[in-house]
Amino acid sequence: MGQILGVVIEHEQGLTKPVSLEVINAARKLADPISGKVVVFYLCPEAGEQTELFLQNGADEVRLLQHHDLNIYIHENYSFALAQELEKSPVDYLLLLATNNGKELSAVLSARLGVGVATDCISLSIAGDGDIEAVRPVSAGKALSTVRFSGKKPYILTLRPNVFRQTETPVPRAGEVFQQDIQLPELSHQAQQLVKKVGSQLDITEARIVVSGGLGMQGPENFELLEQLAKALGGAVGASRPVVDNGWREYSNQVGQTGKTVSPDLYIACGISGAVQHLAGMSSSRCIVAINSDPHAPIFSVADYGIVGDATKVVPALTREFKRALAS
Ligand SMILES: Cc1cc2nc3c(=O)[nH]c(=O)nc-3n(C[C@H](O)[C@H](O)[C@H](O)COP(=O)(O)OP(=O)(O)OC[C@H]3O[C@@H](n4cnc5c(N)ncnc54)[C@H](O)[C@@H]3O)c2cc1C
Numbered sequence: 460m461g462q463i464l465g466v467v468i469e470h471e472q473g474l475t476k477p478v479s480l481e482v483i484n485a486a487r488k489l490a491d492p493i494s495g496k497v498v499v500f501y502l503c504p505e506a507g508e509q510t511e512l513f514l515q516n517g518a519d520e521v522r523l524l525q526h527h528d529l530n531i532y533i534h535e536n537y538s539f540a541l542a543q544e545l546e547k548s549p550v551d552y553l554l555l556l557a558t559n560n561g562k563e564l565s566a567v568l569s570a571r572l573g574v575g576v577a578t579d580c581i582s583l584s585i586a587g588d589g590d591i592e593a594v595r596p597v598s599a600g601k602a603l604s605t606v607r608f609s610g611k612k613p614y615i616l617t618l619r620p621n622v623f624r625q626t627e628t629p630v631p632r633a634g635e636v637f638q639q640d641i642q643l644p645e646l647s648h649q650a651q652q653l654v655k656k657v658g659s660q661l662d663i664t665e666a667r668i669v670v671s672g673g674l675g676m677q678g679p680e681n682f683e684l685l686e687q688l689a690k691a692l693g694g695a696v697g698a699s700r701p702v703v704d705n706g707w708r709e710y711s712n713q714v715g716q717t718g719k720t721v722s723p724d725l726y727i728a729c730g731i732s733g734a735v736q737h738l739a740g741m742s743s744s745r746c747i748v749a750i751n752s753d754p755h756a757p758i759f760s761v762a763d764y765g766i767v768g769d770a771t772k773v774v775p776a777l778t779r780e781f782k783r784a785l786a787s
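Laid out in structure tokens, this is it:
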């Protein structure tokens, strides 16, 4: 029998994150040439229409692990439930998203199960012997490392969001669905408090459009201009590190070497100089637009389009134009 590829789905209050379907897609592509099987693990309070979505996107089997506390991600619950499940239904490779949650969960699972993990993979292929080979950036994106696994399974991989896009229409499968109610440990008070703090904002790693601001935005009040542009485009707001250090934005917004890595369709850098540490987190964006008052700012060397000007004036003008164009 071919390899079994497990996929962990991320959802927000029962709504599957679209980037999770990319992981099913990546698993399907790997499974087909080796007659492998794609098994989706969906941790949720109760089964919904999502099951059909997974089968339509190429899953051979869906395993629903149900508990009322699974309406929101908490690593204690997810790792406990998955570790138990993986003991019963072993998989060869477990694929997750390289989002905050996915990265945390992969690390916890790796420690819990004593297995290897390759994070932030940007390319996956099947080697001659039928094993998976993963490519992941290292040294802040300056080099690529090719990874092969050995030892205890499952081998865990996290996939960079927005990189494994579906290019062809998926072939729906008439797969099996297994549903079970599970037990979870008592959740600590600390973890519950933490969960309450987590907002439902679109995570910058998942967004297809990121509007980012740097020190050139002059002050925290001008980030409202970026919020308006992001809202008009259905995107999320990012920031450079000094902006976060200054307390203008939360750390979860930081793009770069010591922040998050994003690969959106469109990255709009507003008042960001383009230091290497910032580029490390966004240079794989499909289209980069830079707005900077300094025509010699290094950001222009990686930008597809550049606008020289005051970002506090250019951004509202862009928002107006985008709104007008999108309305028509
Ligand atoms: C170990 C290490 C890790 C780091 N990690 C990160 C990281 O993860 N992410 C990160 O971003 N940085 C990181 N940094 C910091 C990085 O080196 C830069 O200092 C930082 O990216 C600069 O942020 P900035 O572009 O917002 O500010 P600046 O470099 O000060 O640039 C501001 C830009 O705004 C322009 N500007 C000014 N006024 C306007 C205006 N009105 N309109 C338009 N443009 C204007 C200026 O021309 C300038 O280009 C790290 C540094 C180190 C040493």
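Numbering (my numbering), first residue to last: 460 to 787.
Ideal Cβ positions, reconstructed from N, Cα and C, are used throughout, including at glycine.
Computed from a prediction, not measured in an experiment: that's the story for all the values here.
Tell me the DSSP secondary structure of Pro795 in three-state form. Residue coverage of the chain in this structure runs from 460 to 787, which leaves residue 795 outside it and unanswerable.
Going along the chain, which residues of its own chain have a beta-carbon closer than 7 Å to the beta-carbon of Arg624, five neighbours each way excluded? As a first step, residue 624 is located in the sequence shown; it is residue number 165 there, counting from the start. Here the set comprises Glu481.
Can you name, in chain order, every residue of its own chain whose Cβ lies under 7 Å from the Cβ of Gln713, other than the five neighbours on each side? Within the sequence shown, numbered from 1, the residue matching residue 713 stands at position 254. Counting only Cβ-Cβ distances below 7 Å, and skipping sequence neighbours, we find Ala698, Arg700, Val703, Lys719.
Nearest-angstrom Cα distance between Val521 and Ser548? Within the sequence shown, the letter at position 62 stands for residue 521. Within the sequence shown, the letter at position 89 stands for residue 548. Using only the alpha carbons, I get a separation of about 12 Å.
Taking C-alpha atoms, which residue in Ile766, Asp491, Asp753 lies nearest to Pro629? Position 170 of the sequence shown, counting from 1, holds the residue named residue 629. With distances taken between Cα atoms, Pro629 lies closest to Asp491.
Under 8 Å between the Cβ atoms of Leu554 and Ala485? Here the question's residue 554 lines up with position 95 in the sequence shown. Here the question's residue 485 lines up with position 26 in the sequence shown. Against a cut-off of 8 Å, the Cβ pair of Ala485 and Leu554 comes out as a contact.
Let me know if Asp640 comes out buried or exposed under the rule of 16 or more other beta-carbons within 10 Å of its beta-carbon. In the sequence shown, counting from the first residue as 1, residue 640 sits at position 181. Exposed.
Verify the contact flag: Val702, CB atom, against every heavy atom of ligand 1, threshold strictly below 7 Å. Taking the sequence shown and counting its residues from 1, the one referred to as residue 702 is at position 243. Under cutoff, so the answer is yes.
Starting from Gln515, follow the alpha helix (DSSP H) in both directions and report where the run begins and ends. As a working note, residue 515 is residue 56 in the sequence shown. Start and end: 509-515.
Is the beta carbon of Tyr726 closer than 8 Å to that of Ser760? For the purposes of this step, residue 760 is identified with residue 301 of the sequence shown, where counting begins at 1. For the purposes of this step, residue 726 is identified with residue 267 of the sequence shown, where counting begins at 1. No, Cβ-Cβ distance for Ser760 and Tyr726 is not below 8 Å.
Unbroken beta strand (DSSP E) run spanning Glu736, endpoints: Residue mapping note: residue 736 aligns to position 277 of the sequence shown, counting from 1. Looking at the sequence provided, one finds Gln at residue 736 rather than Glu. Per DSSP, Gln736 belongs to no beta strand (DSSP E); it is in the alpha helix (DSSP H), 735-738.
One question on the structure: do Gly673 and Gly730 come within less than 8 Å of each other, judged by their Cβ atoms? By one-based count along the sequence shown, residue 673 stands at place 214. By one-based count along the sequence shown, residue 730 stands at place 271. Yes, they are a contact pair.
Counting only the same chain and skipping the five closest in sequence on each side, list residues whose C-beta sits under 7 Å from that of Glu479. Start at 1 with the first residue of the sequence shown, and residue 479 comes out as number 20. Strictly speaking, residue 479 in this sequence is Ser, with Glu absent from that position. Taken in chain order, the residues that qualify are Ile468, Glu469, Leu556.
Just to check my reading of the structure: Gly634 and Ser742 have Cβ atoms closer than 8 Å, yes? What is that Cβ distance to the nearest angstrom? Residue 634 sits at position 175 when you count from the first residue of the sequence shown. Residue 742 sits at position 283 when you count from the first residue of the sequence shown. Incorrect: roughly 38 Å between the Cβ atoms, too far for contact.
Can you tell me whether Glu665 is buried or exposed? The criterion is at least 16 other CB atoms within 10 Å of its CB, across all chains shown. Counted from its first residue, the sequence shown places residue 665 at position 206. It is buried - the Cβ of Glu665 has at least 16 other Cβ atoms within 10 Å.
Work out the CA separation of Leu643 and Ala762 for me, nearest whole Å. Position 303 of the sequence shown, counted from the start, is the residue given in the question as residue 762. Position 184 of the sequence shown, counted from the start, is the residue given in the question as residue 643. For Ala762 and Leu643, the distance between alpha carbons rounds to 48 Å.
Can you give the beta carbon distance from Ser538 to Leu512, rounded, assuming they're within the 8 Å contact cut? To locate residue 538, count along the sequence shown from 1; it is residue 79. To locate residue 512, count along the sequence shown from 1; it is residue 53. Separation of the CB atoms of Ser538 and Leu512 is rounded to 24 Å, and the pair is thereby denied contact status at 8 Å.
List the DSSP bridge partners of His755. Along the sequence shown, read from residue 1 onward, the residue named residue 755 stands at position 296. His755 pairs with nothing; no bridge assigned.
On a Cα-Cα basis, can you pick out the residue from Gln509, Tyr552, Leu502, Asn516 that is closest to Gly461? Residue mapping note: residue 461 aligns to position 2 of the sequence shown, counting from 1. Closest option to Gly461, Cα to Cα, is Tyr552.
Just to check my reading of the structure: Asp519 and Lys496 have Cβ atoms closer than 8 Å, yes? What is that Cβ distance to the nearest angstrom? Along the sequence shown, read from residue 1 onward, the residue named residue 519 stands at position 60. Along the sequence shown, read from residue 1 onward, the residue named residue 496 stands at position 37. Between Lys496 and Asp519 the Cβ distance is about 5 Å, and since that is below 8 Å, they are a contact.
Which residue from Ala577, Thr771, Ile581, Glu471 puts its Cα closest to that of Pro679? The residue given as residue 679 occupies position 220 in the sequence shown. Per the Cα distances, Thr771.
Lining residues of ligand 1 - beta-carbon closer than 5 Å to any non-hydrogen atom, in sequence order: Residues flagged by the Cβ proximity filter: Gly673, Leu674, Gly675, Ser699, Arg700, Pro701, Gly715, Gln716, Thr717, Gly718, Gly730, Ile731, Ser732, Ala734, Gln736, His737, Asn751, Ser752, Asp753, Ala756, Asp769, Ala770.
Out of Val597, Ser711, Thr778, which one is the CA nearest neighbour of Leu688? Mapped onto the sequence shown, residue 688 falls at position 229. That would be Thr778, whose Cα lies nearest to the Cα of Leu688.
Given this structure, state the Cα-to-Cα distance separating Leu583 from Thr626, to the nearest angstrom. Numbered from its first residue, the sequence shown carries residue 583 at position 124. Numbered from its first residue, the sequence shown carries residue 626 at position 167. Cα to Cα, the separation comes out at about 16 Å.
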